[in-house]
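Structure first, then comments.
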Amino acid sequence: RDSVRQTPQTAQAAATTTATDTDGMTLKLVQTQRAPGEKLPTSPPADFEEEYDPWEPFNESMFEFNRALDRWVLKPVAKGYRKVVPDQVEEWIDNGFTNISFVPRFINCVLQGKFPGAGRELARFVLNSTLGIGGLGDVAKREPFNLQPCKEDTGQTLGVWGIGPGPYLILPFLPPLTVRDAVGYFADGAMDPLSYFIPFVWDRLGMKAGDTVNNRALNIDLFQGFEEATVELYSALRNAYLQRRHKVISE
Numbered sequence: 484r485d486s487v488r489q490t491p492q493t494a495q496a497a498a499t500t501t502a503t504d505t506d507g508m509t510l511k512l513v514q515t516q517r518a519p520g521e522k523l524p525t526s527p528p529a530d531f532e533e534e535y536d537p538w539e540p541f542n543e544s545m546f547e548f549n550r551a552l553d554r555w556v557l558k559p560v561a562k563g564y565r566k567v568v569p570d571q572v573e574e575w576i577d578n579g580f581t582n583i584s585f586v587p588r589f590i591n592c593v594l595q596g597k598f599p600g601a602g603r604e605l606a607r608f609v610l611n612s613t614l615g616i617g618g619l620g621d622v623a624k625r626e627p628f629n630l631q632p633c634k635e636d637t638g639q640t641l642g643v644w645g646i647g648p649g650p651y652l653i654l655p656f657l658p659p660l661t662v663r664d665a666v667g668y669f670a671d672g673a674m675d676p677l678s679y680f681i682p683f684v685w686d687r688l689g690m691k692a693g694d695t696v697n698n699r700a701l702n703i704d705l706f707q708g709f710e711e712a713t714v715e716l717y718s719a720l721r722n723a724y725l726q727r728r729h730k731v732i733s734e
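Just so you know, the numbering used here puts 694 at position 211 of the sequence shown, and the rest follows in order with no gaps.
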């Protein structure tokens, strides 16, 4: 499917937050902005590890915690969810959450001076909210509109403004980050419309958990082969994430 956003292990390989997306205590463990078919970088610069990962012992322990949580909790729940929820319904739910979270994408396009991208985001929101029945259908990306999302986030905006990434960071229940991306992650969460329309914390957590399980079900087998074939999984995913973030900020 081409509506890939976040999965606990994949985004550690790719990057997001969803735009992820997002409140602090969400179960979403990763954020990916990898385009369908895009290959993972495999040859990171030699100075990445020393420059970006001074907290490696802590990060590696959090990586294993998140990985175990995915293996023993999230993935089994997603498999059960997949058995009872039709594929089309999963895609509708994913489209709905993506449509709701257009606000941080739109704002960050503006802040980065990507005004055509901001225009696309606004047009996509209007079209999908109306013709797409509340965002359940992504009609904006189809003929005759062909409007692709502008996948910008606050971490990218800070990078465009010249703020360095800081150390690599992994926290429990959260996607892989750098210090700069952590600031952006929570800033994007503060712009999430669900925070204003659903004021109760437990309700918001329930929505996030549902989004996470649905997204994990959509990506149940993604990167399974990569994980099984990689010996140093932590360093491979870290370097892939850092390179991906550097690439999207430079574009």
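Note that beta-carbon positions come from the ideal geometry of N, C-alpha and C, so glycine has one too.
{"Asked": "Test item: CB-CB of Tyr535 and Tyr668 under 8 angstroms", "Found": "no"}
{"Asked": "Proximity of Ser675 and Ser612 at Cβ, strictly below 8 angstroms", "Found": "Here residue 675 turns out to be Asp, not Ser, going by the sequence shown. No, they are not a contact pair."}
{"Asked": "Assigned secondary structure, Leu614 (DSSP; H/G/I helix, E/B strand, else coil)", "Found": "coil"}
{"Asked": "Per-residue burial, Tyr724 [other beta carbons within 10 Å of its own, 16 or more giving buried]", "Found": "buried"}
{"Asked": "DSSP-derived helix/strand/coil call for Leu654", "Found": "coil"}
{"Asked": "Counted within 10 angstroms of its Cβ, other Cβ atoms place Trp685 as buried (16 or more) or exposed", "Found": "exposed"}
{"Asked": "Closest Cα partner of Gly596 within the set Gly693, Cys633, Ala692, Arg554", "Found": "Cys633"}
{"Asked": "Option nearest Asn591 by Cα separation, candidates Phe548, Ala606, Thr640, Asp621", "Found": "Thr640"}
{"Asked": "Distance, Glu635 Cα to Val731 Cα", "Found": "9 angstroms"}
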